[in-house]
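Numbering (the numbering used here), first residue to last: -7 to 763.
Using N, Cα and C, we set each Cβ at its ideal position, and we do this for glycine too.
Since we're looking at a predicted model, the values are computed, not measured.
Worksheet: one structure, shown below.
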């Protein structure tokens, strides 16, 4: 690279002698006009300059206060490993030079007397900068070349003496490795033995002849196990001047092209088979003229001779259903204009003028030849398949309608319409069981069948019906929608009926006056339809039972709310007055009977609170969440009057529960243990209450007096209490709240002889309020 006299070179000169630094800057700029020199008096100032300004070279003294020139060099190298750095120092020694080289110095120059040294320094600066710029230019060129090579979709590589010198990203990705790992690897380490040997022979031939070579298709298996087909081209390549031993290769993936060719071959084979069997129409289209050459059963499909419709345009106008002509033209335009090279289209034929019936045709077309001016294809009659698909679509739509039905009568209406649309039956009806189970009555029909078949068969068991035969032809019946039907000579029947039970709730009767009305597909679709109708009837009967239950719950809630209002207002009001009057009386006089009255009133207040809990909250839940049982137990313990009792927490369980309702459970269980586990029903010293884990839940146990075995069945009954002032509702509330969560509560004897209340099934507890 030659020096450009117009390109500036910015230099930062660092010396603790500012006069020397300025003098050096002046002489350097005189030596070469490209040099522009800034000065700094210490390493700290210089590093600040380098952080904010761009410099091409740094010239630094060695012996400076603070950081030495070597330490300054090391700091520069941390941020810019390649910036030219010249150590210009008056302290010359082998040790300093060695340290500078170890730290990555670009050049080393010792200060001398006189001004000639600046010419040398200027030359050293320009050489270092020129070398650095050349290196950066080469690196940029290499990066651009690498980007171009890696952007190619084909494989590109250079191999010299069996070793990859160059490889691109697509090639490395195919072999499941990186470019860095591939470059330097041996061909034998990358390719299988046979492929590597073939490449060695081809490379040897190219080195001997000096000519490029196109290799026939080869198959390679990549890292994913997928086998692809490639078409490589190898060329001689000079790695260095005059060295032609390397090989440059470009490999094109032709897998998709070959697959297209194989598909075209298969299409020709199918057309030949169709021609041999004469069960399809084989045709060729000339896109330039529109002419069509046909072979096969064209006349049977379209009621025209092939010569009467010589072009595809005339075929569109005379043989294609009017509603499908636009799609037919668009399909052919895409083939002609090259927007597609193959495709399939389904269309209807022109309707019969008398019956209005038409047929469905499926045509598969492949463009033949690179210019895309010719196409070959096969047409097949797919009428029966399309009709089956349409019937299945209708069955699916019927299923959606049945899922949305909210009345049994609506289910019956859908069933009648589906039997006509899906099974093609003119006469059909649905009979549903009467509300008083007196029999089956028709609730929906297309034609009343009573005159033809009399009363419908009666149920004889779990969803089965009795065999029946009728005057007008034989009937066949289905005992159960899962069983195969028995068919009685349908070919000779003038009329046939199909009986399909709808579970325990009804019967579908479908009839037809056409001979052989029911084929195998009719029976299959009929079974599915009957099953869907039975499921819909069951669901509707359940949306109805649920509504009845909701009405009953609403009535019950009204009663409970009325009861709660009586407790809250009609009883609590007078009770508050009585308690207030008692307090005034006890303040004015001392009577031995007044404390007894006070305890009775307090017990009434507690009873009202518990009854309100049962009436208003009962077995309902609010928002559920994860609850730390141990933390909740300790919180509840602080709110319960415990006297001298002791709490022992042995649980690490987390429950999914309504936190406020679970707190009521824990408080009631703790209060119950304190009040009923102690002699006389009052807290006493020495009582220990334990809350611990068990396999399916948790327990609350005490070591008190316990509950007699004969009374354990009654502890959850409303009003049961062993304490003289108890309400008998505490454990009843516990049972109701636990039940709302899906848990069960039981009572047993504790390990230390007291009472143990167990709450189980909490692992499978509710995560949302029950329906």
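The beta strand (DSSP E) enclosing residue i, as first and last residue numbers
| i | result |
| --- | --- |
| residue 26 | Segment: none, residue 26 is in no beta strand (DSSP E) and carries neither H nor E. |
| residue 238 | 238 to 245 |
| residue 99 | 99 to 102 |
| residue 279 | Note, residue 279: premise wrong, no beta strand (DSSP E); not H, not E. |
| residue 620 | 617 to 620 |
| residue 688 | From DSSP, residue 688 is part of no beta strand (DSSP E); its letter is neither H nor E. |
| residue 130 | No beta strand (DSSP E) contains residue 130, which is instead part of the alpha helix (DSSP H) from 108 to 143. |
| residue 272 | Neither: residue 272 is in no beta strand (DSSP E) and is coded neither H nor E. |
| residue 162 | Note, residue 162: premise wrong, no beta strand (DSSP E); alpha helix (DSSP H) at 161 to 166. |
Residue burial classification, residue i (beta-carbon count within 10 angstroms, cutoff 16)
| i | result |
| --- | --- |
| residue 395 | exposed |
| residue 255 | exposed |
| residue 581 | exposed |
| residue 643 | buried |
| residue 659 | buried |
| residue 388 | exposed |
| residue 664 | buried |
| residue 583 | exposed |
| residue 60 | buried |
| residue 524 | buried |
| residue 764 | Limits of the chain in this structure are -7 at one end and 763 at the other, which puts residue 764 out of reach. |
| residue 17 | buried |
| residue 94 | exposed |
| residue 76 | buried |
| residue 742 | buried |
| residue 170 | exposed |
| residue 694 | buried |
| residue 139 | exposed |
Residue from the options whose Cα sits closest to the Cα of residue i
| i | options | result |
| --- | --- | --- |
| residue 629 | 652, 653, 666 | 666 |
| residue 215 | 397, 192, 184, 197 | 184 |
| residue 186 | 199, 165, 732, 211 | 211 |
| residue 82 | 102, 73, 145 | 102 |
| residue 651 | 614, 23, 639, 532 | 614 |
| residue 337 | 306, 331, 369 | 369 |
| residue 374 | 257, 10, 355 | 355 |
| residue 754 | 733, 230, 248 | 733 |
| residue 619 | 649, 627, 202 | 649 |
| residue 645 | 752, 728, 202, 578 | 752 |
| residue 199 | 284, 655, 143, 238 | 238 |
| residue 242 | 252, 204, 279, 250 | 204 |
| residue 311 | 352, 323, 244, 534 | 352 |
| residue 367 | 335, 379, 345, 384 | 335 |
| residue 688 | 112, 735, 656 | 735 |
| residue 50 | 41, 58, 521 | 41 |
| residue 681 | 668, 657, 637 | 637 |
| residue 623 | 27, 635, 647 | 647 |
| residue 405 | 529, 112, 257 | 529 |
| residue 633 | 127, 661, 8 | 661 |
| residue 65 | 195, 35, 86, 45 | 35 |
| residue 182 | 159, 407, 10, 144 | 159 |
Beta-carbon contacts of residue i that lie in its chain and below 7 Å, excluding the five residues immediately before and after
| i | result |
| --- | --- |
| residue 589 | 574 |
| residue 593 | 567, 570, 571, 574 |
| residue 475 | Note on residue 475: pLDDT 36, under 50, position unreliable in the model; the coordinate value appears next. None. |
| residue 324 | 304 |
| residue 39 | 67 |
| residue 759 | Per-residue confidence for residue 759 stands at a pLDDT of 40, beneath the threshold of 50, marking its modelled position as unreliable; the derived number appears in the next sentence. Counting only Cβ-Cβ distances below 7 Å, and skipping sequence neighbours, we find 616, 648. |
Close beta carbons around residue i, own chain, < 8 Å, minus the five adjacent residues each side
| i | result |
| --- | --- |
| residue 168 | 214, 215, 216 |
| residue 179 | 151, 154, 155, 156, 188, 191, 192 |
| residue 313 | 339, 340, 341, 342, 343, 350 |
Beta-carbon contacts of residue i that lie in its chain and below 6 Å, excluding the five residues immediately before and after
| i | result |
| --- | --- |
| residue 750 | 691, 738 |
| residue 290 | 273, 298 |
| residue 91 | 62 |
| residue 111 | 23 |
| residue 276 | 285, 368 |
N-terminal and C-terminal residue of the alpha helix (DSSP H) that residue i is part of
| i | result |
| --- | --- |
| residue 180 | 179 to 182 |
| residue 733 | Neither: residue 733 is in no alpha helix (DSSP H) and is coded neither H nor E. |
| residue 39 | 35 to 44 |
| residue 90 | 86 to 94 |
| residue 71 | 61 to 71 |
| residue 747 | Premise fails: residue 747 lies in the beta strand (DSSP E), 747 to 752, not in any alpha helix (DSSP H). |
Within the region 368 to 410, note down every full alpha helix (DSSP H) run reaching 4 residues or more, in order along the chain. Counting only runs of 4 or more residues that sit fully inside the region 368 to 410, the alpha helix (DSSP H) segments are 375 to 396, in chain order.
Only counting runs of 4 or more residues, tell me where the alpha helix (DSSP H) segments fall wholly within the region 287 to 367, in order along the chain. 290 to 294, 304 to 311, 317 to 328
Mind pulling the beta strand (DSSP E) runs of 3 or more residues that sit fully within the region 618 to 643? 638 to 642
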